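Residue numbers (this note's numbering), protein chains in the order written: chain A, 1 to 117; chain B, 118 to 228. Just so it is clear, CB atoms sit at the ideal spot from N, CA and C, and this is done for glycine as well. Predicted model only: the values in this text are computed from it and were never measured. Note sheet for the following structure.
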Amino acid sequence: DAGVIQSPRHEVTEMGQEVTLRCKPISGHNSLFWYRQTMMRGLELLIYFNNNVPIDDSGMPEDRFSAKMPNASFSTLKIQPSEPRDSAVYFCASTRVLEGRRGNEQFFGPGTRLTVL
Amino acid sequence: RKEVEQDPGPFNVPEGATVAFNCTYSNSASQSFFWYRQDCRKEPKLLMSVYSSGNEDGRFTAQLNRASQYISLLIRDSKLSDSATYLCVVNDGAAGNKLTFGGGTRVLVKP
Chain A
1 DAGVIQSPRH
11 EVTEMGQEVT
21 LRCKPISGHN
31 SLFWYRQTMM
41 RGLELLIYFN
51 NNVPIDDSGM
61 PEDRFSAKMP
71 NASFSTLKIQ
81 PSEPRDSAVY
91 FCASTRVLEG
101 RRGNEQFFGP
111 GTRLTVL
Chain B
118 RKEVEQDPGP
128 FNVPEGATVA
138 FNCTYSNSAS
148 QSFFWYRQDC
158 RKEPKLLMSV
168 YSSGNEDGRF
178 TAQLNRASQY
188 ISLLIRDSKL
198 SDSATYLCVV
208 NDGAAGNKLT
218 FGGGTRVLVK
228 P
C-alpha cells in the first residue's frame, strides 16, 4: 500500500524565492496535517484539514505561509517569500477520522528537507 | 511551559539492559496518549498507544499516571535496533484530531 507521498524530498532555494511542497495522503484518509521539524523547536503542527477544510491554522508562523487542499488526494504548503529561518523538515501526515473518536494514529510521509540559503 | 515535556537524553543503554523514561503533559483535559518512534532522518511512526491501565507490546511497556500527568515508556532487553528518538504524544479531545508532540527522548543502545 502506498503511504503518504511528499514531493520534493529535498529542496534548496535562495532567500526570497517561492517554495511549494506537495502531499498526497493515504487513500481513504479524511484528515491531513502539515508539520515542521527543527532541532530547536521539535515537531510543530502548522495546519490541519478535515474533509479538505482547514480546521486549525494557528501554527502557521506568518502570512508568508499558506496551505491548500483542493481535493481529498492533494495538498500544498507554500512559502512566499522564503527566508533562511524556514529551513526545516516539513512533514505531511494523514489519518482517517472515525466518528466520535479523537487523536487517531497519524501516518507520516517521508518529509521534505528544505534549505533556504 | 511546553505542553508536552521530555528529557532529551541521550540515554546510553547497554545492549540487553532496561531503560525507562517519562514525559509530562500540562493539559489535564488530555484524553489520548501515544509513543511514536523516529529514526534518524526518518518520519515519526506510531510505536504504541498508552491506555489508562497501562499496556505492553512485547518488550515495551507504557504507563499513564493521570494524577501526576505523566506517561512513561520502559524498554526491556534493549536491542541495537531500539536506538531512536521516542516522541511522547498527547491529544486534547477538545482540540479535535490535533496531536501535540514532545521534543523527544533520544536512546542509544550500545553493544
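Within the continuous beta strand (DSSP E) that includes I5(A), where are the two ends?
As a working mapping, residue 5(A) is identified with position 5 in the first sequence. I5 to S7 is the span of the beta strand (DSSP E), which, as asked, contains I5(A).
Suppose you measure from the CA of F65(A) to the CA of D86(A); what does that come to, to the nearest Å?
Numbered from its first residue, the first sequence carries residue 65(A) at position 65. Numbered from its first residue, the first sequence carries residue 86(A) at position 86. The alpha-carbon atoms of F65(A) and D86(A) are separated by roughly 10 Å.
So, with DSSP's three-state summary, where would you put L197(B)?
Your numbering for residue 197(B) matches position 80 in the second sequence. In the structure shown, L197(B) sits in a helix (DSSP, three-state: H, G or I).
Check whether chain B comes within 8 Å of E105(A), counting only Cβ atoms and requiring the distance to be less than that.
One-based indexing of the first sequence puts residue 105(A) at position 105. Taking Cβ atoms only, chain B reaches closer than 8 Å to E105(A), which makes this a yes.
On the DSSP letters alone, give me the boundaries of the beta strand (DSSP E) that S166(B) sits inside.
As a first step, residue 166(B) is located in the second sequence; it is residue number 49 there, counting from the start. Run containing S166(B): P161 to V167, per the beta strand (DSSP E) assignment.
Can you confirm whether the region 153 to 165 of chain B touches the region 180 to 189 of chain B when touching is taken to mean that 3 or more C-beta pairs between the two stretches lie within less than 8 Å?
At 8 Å Cβ cutoff, the stretches do not touch.
Would you list the residues sitting across from R154(B) in a DSSP beta bridge?
Here residue 154(B) refers to the residue found at position 37 when the second sequence is read from its first residue. Looking at the DSSP assignment, R154(B) forms a beta bridge with K162(B) and Y203(B).
A144(B) CB to nearest chain A CB: under 8 Å?
The count along the second sequence starts at 1 and reaches residue 144(B) at position 27. A small correction: the amino acid at residue 144(B) is Asn; Ala does not occupy that position in the sequence shown. It does not; no Cβ of chain A falls within 8 Å.
First and last residue of the beta strand (DSSP E) that includes K78(A)?
Here residue 78(A) is taken as the residue at index 78 of the first sequence, counted from 1. Run containing K78(A): F74 to I79, per the beta strand (DSSP E) assignment.
Give me the Cβ distance between T222(B) and F150(B), rounded to the nearest whole Å; I'm assuming they're in contact under 8 Å.
Working through the second sequence from its first residue, we reach residue 222(B) at position 105. Working through the second sequence from its first residue, we reach residue 150(B) at position 33. With 8 Å as the limit, T222(B) and F150(B) do not qualify as a contact, their Cβ atoms being about 15 Å apart.
Reducing DSSP to helix, strand and coil, say where P54(A) ends up.
Position 54 of the first sequence, counting from 1, holds the residue named residue 54(A). It is a strand residue.
Interface residues of chain B around L45(A) at Cβ under 7 Å?
Along the first sequence, one-based indexing puts residue 45(A) at 45. Simply K215.
Using only alpha-carbon positions, find the residue among L77(A), Q106(A) and F91(A) that is nearest to V97(A).
Within the first sequence, numbered from 1, the residue matching residue 97(A) stands at position 97. Out of L77(A), Q106(A) and F91(A), Q106(A) has the C-alpha closest to the C-alpha of V97(A).
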